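Take any residue in the sequence shown, note its place counting from 1, add 6, and you have its number in the working numbering. Positions of the beta carbon are idealized from the N, C-alpha and C atoms, including for glycine. Since this is a predicted model, take the numbers as computed values, not measurements. Beneath this line is the structure, given in structure tokens, with notes to follow.
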Amino acid sequence: LTGLLPCYGVGMGVAMMMQQATSLTGSSVVLDAQALENHIRRAKAEGRTVTIVNGNLYIDYNFFAQIPPYFDMKVC
Numbered sequence: 007l008t009g010l011l012p013c014y015g016v017g018m019g020v021a022m023m024m025q026q027a028t029s030l031t032g033s034s035v036v037l038d039a040q041a042l043e044n045h046i047r048r049a050k051a052e053g054r055t056v057t058i059v060n061g062n063l064y065i066d067y068n069f070f071a072q073i074p075p076y077f078d079m080k081v082c
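If you want it as structure tokens, here you go:
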């Protein structure tokens, strides 16, 4: 596989992790459950991609906010 993708190596993975870590530490967005639900519903209505991974909310593959573990986001 390394011969097929020569431009993607360990350096690219490290760069992606550093970018993600920077965006997470720079984010101090604290939203309540209702505001998060409204943002998710609006994004879905606009046809945007909404993803929740490891307690992080991404809209169109861009980090949006961290979701506290006590929030129940199953209703969205």
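- The Cβ-Cβ distance between V59 and I65 does not fall below 8 Å.
- Contact annotation: F77 and A39 have beta-carbon atoms nearer than 8 Å.
- Secondary structure note for N68: its beta strand (DSSP E) is the uninterrupted segment N68 to Q72.
- Secondary structure note for L42: it is in no beta strand (DSSP E), and the uninterrupted alpha helix (DSSP H) holding it is A39 to A51.
- Beta-bridge analysis with DSSP links T55 to no other residue.
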